[in-house]
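I have placed the structure first, in the form of structure tokens, so that the comments after it can refer back to it.
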Amino acid sequence: MSIAIVGTGQTVHARRRTDVSQAGLAREAVVEALTDASLTMDDIDSVVVASGPAMFGAVNQPEKWLVDALGARYKPVVRVTSGGGTGLAGALAAMNQIRGGSARRVLVVAYDKLSEGALQASISTLYDPLWGREFAVGIMGFSAAYWHARMKQLGHTEEAAALVAVKNRRNAMRNPKAHVKREVTVQEVLESRPLCWPIKVLDVPPISDGACAIVLAADDDALAITERPAWIHGMAYYSEADNGPDRKMVQSEPLQIAATKVYKSAGITNPFREFDVAELQEPYTCFELSYYESLGFCAEGGAAELIASGETQMEGSLPVNPSGGCLGANPIGATALIRLAEAAMQVTGKAGSHQVPGASRAVAQAGGGWANLRGVAVVGAEKR
Amino acid sequence: MTLSTTRRVAIASSAQTALAPRWSDRQHIDLIAEVVGRTLKGTGIVIDDVDFVIDSGSDFLDGRSISNCGFLGSLGAHHKEESRVEEDGLWALAYASDKIAGGSAEVGLVVAYSKPSEGNVDNYWTGLLEPFIQRPVGLDQHSAAGLVARRYLASAGMDPDDLHDVSRQAWERAEANAGVLTDGAVDQDGFWEDEVASPLRRSDFSRPVDGAVAVLVCRADIAGDVTERPAWITGHGSAIDQHFLAARSWDSLPAAEAAARAAYRMAGDTRPSDYDLIELAATSTVGELMVLEALGFADPFGGIARYREPDGLSVNPSGGALPADPIMATGLVRLHEAASRLMGRPGFETAEARRAVVHGTGGFAMQNHCVLTLEVDE
Chain Y
0 MSIAIVGTGQ TVHARRRTDV SQAGLAREAV VEALTDASLT MDDIDSVVVA
50 SGPAMFGAVN QPEKWLVDAL GARYKPVVRV TSGGGTGLAG ALAAMNQIRG
100 GSARRVLVVA YDKLSEGALQ ASISTLYDPL WGREFAVGIM GFSAAYWHAR
150 MKQLGHTEEA AALVAVKNRR NAMRNPKAHV KREVTVQEVL ESRPLCWPIK
200 VLDVPPISDG ACAIVLAADD DALAITERPA WIHGMAYYSE ADNGPDRKMV
250 QSEPLQIAAT KVYKSAGITN PFREFDVAEL QEPYTCFELS YYESLGFCAE
300 GGAAELIASG ETQMEGSLPV NPSGGCLGAN PIGATALIRL AEAAMQVTGK
350 AGSHQVPGAS RAVAQAGGGW ANLRGVAVVG AEKR
Chain R
0 MTLSTTRRVA IASSAQTALA PRWSDRQHID LIAEVVGRTL KGTGIVIDDV
50 DFVIDSGSDF LDGRSISNCG FLGSLGAHHK EESRVEEDGL WALAYASDKI
100 AGGSAEVGLV VAYSKPSEGN VDNYWTGLLE PFIQRPVGLD QHSAAGLVAR
150 RYLASAGMDP DDLHDVSRQA WERAEANAGV LTDGAVDQDG FWEDEVASPL
200 RRSDFSRPVD GAVAVLVCRA DIAGDVTERP AWITGHGSAI DQHFLAARSW
250 DSLPAAEAAA RAAYRMAGDT RPSDYDLIEL AATSTVGELM VLEALGFADP
300 FGGIARYREP DGLSVNPSGG ALPADPIMAT GLVRLHEAAS RLMGRPGFET
350 AEARRAVVHG TGGFAMQNHC VLTLEVDE
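So the sequences go chain by chain: Y and R.
So in numbering that gives the first Met the number 0, spot 149 of the first sequence is number 148, and the numbers just go up one at a time.
So in numbering that gives the first Met the number 0, spot 157 of the second sequence is number 156, and the numbers just go up one at a time.
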């Protein structure tokens with residue numbers, strides 16, 4: 000059985016979407032995805048909701064609230080959550096529903112309305128309540144330590160990460176849905192205010208309200224819905240115990256495991272050459288560099304050289320984040336599904352002003368938690 | 000639309016901790032590690048053989064964002080596929096069942112846990128409400144259940160005292176269930192009389208407890224190596240009602256009915272009369288009656304007759320969810336109870352039952368429902 004993305008939708012992402020409730024925000028993305036697939040809710044068997052940790056939006060089990068706005072009464076509705084990468088974990092759950100025979104067409108909707116909760120305070124609750132939380136400063140302190148370790152061990156510089164900021168913020172200029180549209184230079188990034196060294200303000204994504212939705216269907220049904228399905232060649236989502244004493248921090252092992260599994264099912268042997276475009280979920284600039292290595296775009300330690308070569312820019316041989324990535328818009332719970340939807344848009348030629356010409360195979364990556372939950376998906380124009 | 004299951008999925012083993020009002024000397028990871036270890040024990044399956052872990056728990060109850068993140072080690076999920084289903088564990092089992100039925104994996108572990116004693120259960124429930132209209136009017140889980148009960152009792156022509164038949168049976172059976180620590184709850188002053196939300200008394204509400212439960216599922220062709228008598232998952236279905244309470248039916252649970260319909264159909268167009276054991280979850284006595292009726296085991300408003308004149312059908316032999324409601328794990332505990340009986344495990348009364356229906360619920364005022372059907376070979 001081959002499963003495909005047959006429709007995608009996204010809201011306009013912004014710092015505060017005061018014009019809609021959380022349910023209204025999710026509905027906006029769902030209406031666009033259903034319209035893209037020329038379907039209605041009557042055609043949908045099951046709904047998977049993915050959102051950031053419920054405390055981020057200060058509503059417990061928010062999927063229950065969405066039911067009325069989505070018109071999902073008496074349908075299966077379940078929420079899958081996995082930190083920031085939750086959108087991809089949700090899409091994977093939806094694929095399993097179709098493969099397992101409990102649904103034919105599944106709607107996946109992911110969203111976050113970060114303007115309505117206390118974000119970094121909620122993130123700090125990730126740490127152990129008895130020991131650890133008193134040291135916690137959201138997720139930034141952890142990420143800074145992570146980046147610093149990579150700088151020391153691999154000799155990467157702050158400039159390498161700044162190049163990611165420059166590239167992704169430039170790409171976001173062409174994405175009509177992006178929240179932040181402002182070009183920056185390497186110098187501006189390096190001189191921007193340090194928040195938790197080496198992380199500086201311009202290395203950090205915005206905090207956004209936004210939602211994304213996709214519709215999944217299989218085989219002939221997918222082809223009956225659209226002439227151009229984005230076929231899913233593989234998808235996996237792996238975890239790593241956050242307190243594992245043998246945890247290797249410089250490379251992301253769960254991401255390497257997920258990539259190995261997905262590349263095998265997708266028939267990928269040389270990721271850098273075989274992918275036409277990549278959409279990576281980079282919560283801070285340094286993470287995009289780390290993912291280049293874990294996804295096999297370059298050798299371990301080679302990310303600084305790869306970003307400097309310009310090959311991951313729009314004009315390069317493997318454009319990374321034509322959408323602008325998280326630096327363009329960062330509604331956390333939605334960002335992973337946005338990466339998948341953007342990858343699908345690229346291989347079906349629907350990415351508009353940020354289309355990579357002729358793209359036919361794309362990789363999407365997602366992650367969450369304490370840099371310990373990691374997922375990968377490969378989509379292509381060809382059925383596989 | 001629902002299609003028939005493409006491959007058979009087996010329940011190979013399951014275990015639960017004792018369900019207690021307060022496990023103050025044990026952390027979440029202790030409860031989880033106990034059930035993961037006990038579920039694998041004696042099966043020949045070791046943690047490295049497990050392909051994936053799906054877990055159920057609540058960030059709001061745990062007071063932690065992405066709380067599964069802190070429990071991955073005890074879940075045995077290190078370097079495995081893992082996802083959190085933030086709904087009762089029965090939905091996590093449905094996910095695992097689909098994953099195996101679709102051929103994506105061979106062996107999976109499903110874990111649900113709950114420690115409401117560490118949090119504020121009332122905040123958990125009111126946190127489910129829409130924040131602009133419903134929260135400010137002071138609606139809570141008790142008043143909502145009271146409103147539903149008033150309408151149900153009126154429609155059924157019943158008296159609040161009639162509900163004692165439901166709760167008395169539940170607590171008597173829980174007393175006989177080694178997995179539930181009843182702690183003399185029914186002997187406390189006012190248990191049967193104190194009104195919580197008219198017409199419901201304390202005895203009409205489920206009692207939150209701490210505990211964990213784990214279930215090992217696997218593909219049919221390896222089930223025989225793991226257990227002599229696997230229980231087969233033959234069908235599952237779920238359905239949700241609207242969130243806005245005033246938009247729902249007051250005296251019936253059409254979402255539970257829709258969930259059961261989907262499960263019965265997947266099981267091969269079965270009917271309620273094909274089943275001889277039910278384990279169902281409810282947050283109140285009236286909720287339990289409404290589930291029985293929605294699942295087709297009683298006529299509308301006729302559920303109470305099952306408690307007065309029992310027939311061959313076994314309903315909640317474990318005592319059900321009223322004496323022990325480990326929120327987010329309650330439905331999966333029902334599954335463990337039903338599967339253990341079908342499989343004839345030591346410590347569980349050996350009934351003649353061969354086919355079981357298991358029900359779980361989630362959300363404010365039982366908005367969401369999941370039904371799963373099981374059977375063992377003759």
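Beta carbons are placed, not taken as given, at the ideal position from N, Cα and C, and that holds for glycine.
None of the values given here were measured: they were computed from a predicted structure.
Counting only the same chain and skipping the five closest in sequence on each side, list residues whose C-beta sits under 6 Å from that of residue i.
i, result
"Lys382 of chain Y", "Ser1 and Trp230"
"Ala340 of chain Y", "Thr7, Cys211 and Ile213"
"Asp429 of chain Y", "Absent from the structure is residue 429 of chain Y, since the part of chain Y shown begins at 0 and ends at 383."
"Pro193 of chain Y", "Lys199"
"Gln140 of chain R", "Trp124"
"Asn167 of chain Y", "Asn320, Gly323, Gly324 and Leu326"
"Arg172 of chain R", "Gly318"
"Ala22 of chain Y", "Trp64, Leu65 and Ala68"
"Cys195 of chain Y", "Met139, Gly140 and Ala143"
"Val378 of chain Y", "Ala229, Ile231, Ala342, Ala343, Val346 and Ala361"
Below 7 Å on C-beta distance, what does residue i contact in chain R?
i, result
"Glu252 of chain Y", "His78"
"Tyr236 of chain Y", "Glu80 and Ser82"
"Trp369 of chain Y", "Cys68"
"Gly82 of chain Y", "Ile65 and Cys68"
"Ala92 of chain Y", "Ser82 and Tyr94"
If you draw a straight line from the alpha carbon of residue i to that of residue j, how long is it in whole angstroms?
i, j, result
"His27 of chain R", "Glu158 of chain Y", "43 Å"
"His77 of chain R", "Ser293 of chain Y", "18 Å"
"Val208 of chain R", "Leu180 of chain R", "9 Å"
"Val48 of chain Y", "Cys369 of chain R", "16 Å"
"His235 of chain R", "Leu371 of chain R", "4 Å"
"Gln15 of chain R", "Val109 of chain R", "12 Å"
"Glu190 of chain Y", "Arg181 of chain Y", "16 Å"
"Thr4 of chain R", "Val79 of chain Y", "Reliability of the predicted coordinates at Thr4 of chain R is poor, the pLDDT of 42 falling under 50, and the value obtained from them is presented with this limitation in mind. So the alpha carbons of these two residues sit roughly 22 Å apart."
"Tyr263 of chain R", "Val76 of chain Y", "19 Å"
"Met0 of chain R", "Ile97 of chain Y", "Only weak support exists for where Met0 of chain R lies, its pLDDT of 32 falling under 50; the coordinates are left without a value."
"Arg167 of chain R", "Thr282 of chain R", "15 Å"
"Leu2 of chain R", "Pro330 of chain Y", "For Leu2 of chain R, the predicted model reports a pLDDT of 40, less than 50, meaning its position is unreliable; a value from the coordinates is still stated below. Distance between the alpha carbons of Leu2 of chain R and Pro330 of chain Y: 35 Å."
"Ser50 of chain Y", "Asp18 of chain Y", "19 Å"
"Asp376 of chain R", "Ala352 of chain R", "11 Å"
"Ser23 of chain R", "Gly84 of chain Y", "33 Å"
"Asp182 of chain R", "Leu30 of chain R", "19 Å"
"Glu336 of chain R", "Tyr112 of chain R", "16 Å"
"Ala169 of chain R", "Ile267 of chain Y", "57 Å"
"Arg260 of chain R", "Arg21 of chain R", "37 Å"
"Ile4 of chain Y", "Thr347 of chain Y", "10 Å"
"Lys405 of chain Y", "Ala223 of chain Y", "Residue coverage of chain Y in this structure runs from 0 to 383, which leaves residue 405 of chain Y outside it and unanswerable."
Name the chain Y residues whose beta carbon is nearer than 9 Å to that of residue i?
i, result
"Ile239 of chain R", "Val46, Glu62, Lys63, Val66, Ala71, Arg72, Tyr73, Lys74, Pro75, Val76 and Val77"
"Tyr263 of chain R", "Under the 9 Å cutoff, chain Y gives no residues; its nearest Cβ is about 14 Å from Tyr263 of chain R."
Anything in chain R within Cβ reach of residue i, meaning under 8 Å, just list it in chain order.
i, result
"Asp208 of chain Y", "Residues of chain R passing the Cβ test: none, with the nearest at roughly 15 Å."
"Met54 of chain Y", "Asp58, Phe59 and Ser64"
Throw me the rounded Cβ distance for the residue i and residue j pair, which I believe falls under 8 Å.
i, j, result
"Thr184 of chain Y", "Val165 of chain Y", "6 Å"
"Tyr291 of chain Y", "Cys297 of chain Y", "5 Å"
"Leu39 of chain R", "Ala143 of chain R", "That pair is no contact at about 40 Å."
"Gln345 of chain Y", "Val276 of chain Y", "5 Å"
"Leu391 of chain R", "Ile303 of chain R", "Residue 391 of chain R is absent from the structure shown; chain R starts at 0 and stops at 377."
Can you find the residues in the same chain that come closer than 7 Å, C-beta to C-beta, to residue i, ignoring five residues on each side of it along the sequence?
i, result
"Val84 of chain R", "Ile53, Ser55, Trp90, Ala91 and Tyr94"
"Gly311 of chain R", "Asp275"
"Gly387 of chain Y", "Absent from the structure is residue 387 of chain Y, since the part of chain Y shown begins at 0 and ends at 383."
"Gly258 of chain R", "For the record, residue 258 of chain R in the displayed sequence is Ala; it is not Gly. Contacts found: Gly236, Ser237, Ala238, His368, Cys369 and Val370."
Just the chain Y side, please: which residues come within less than 7 Å of residue i by C-beta, in chain order?
i, result
"Gln366 of chain R", "Lys63"
"Lys98 of chain R", "Asn95 and Gly99"
Which same chain residues end up closer than 8 Å to residue i when comparing Cβ atoms and leaving out the 5 residues on each side of it in sequence?
i, result
"Ala17 of chain R", "Ala177, Gly178, Val179, Leu180 and Gly210"
"Leu138 of chain R", "Thr125, Leu128 and Leu244"
*Would you be able to state if there are at least three C-beta pairs under 8 Å between the stretch 35-42 of chain Y and the stretch 53-64 of chain Y?*
no
*Is there contact here, the stretch 48-59 of chain Y with the stretch 107-114 of chain Y, by at least three beta-carbon pairs under 8 Å?*
yes
*Do three or more CB pairs link the stretch 83-93 of chain Y to the stretch 326-340 of chain Y at distances below 8 Å?*
yes
*Assess, as a yes-or-no matter, whether the stretch 212-227 of chain R is touched by the stretch 122-132 of chain R under the definition of 3 or more beta carbon pairs within less than 8 Å.*
no
*Should the stretch 20-29 of chain Y be called in touch with the stretch 67-75 of chain Y, which here means at least 3 C-beta pairs below 8 Å?*
yes
*Given 8 Å, three or more beta-carbon pairs between the stretch 355-365 of chain R and the stretch 289-298 of chain R*: yes
*Using 8 Å as the Cβ pair cut-off and three pairs as the minimum, do the stretch 148-160 of chain R and the stretch 129-138 of chain R touch?*
no
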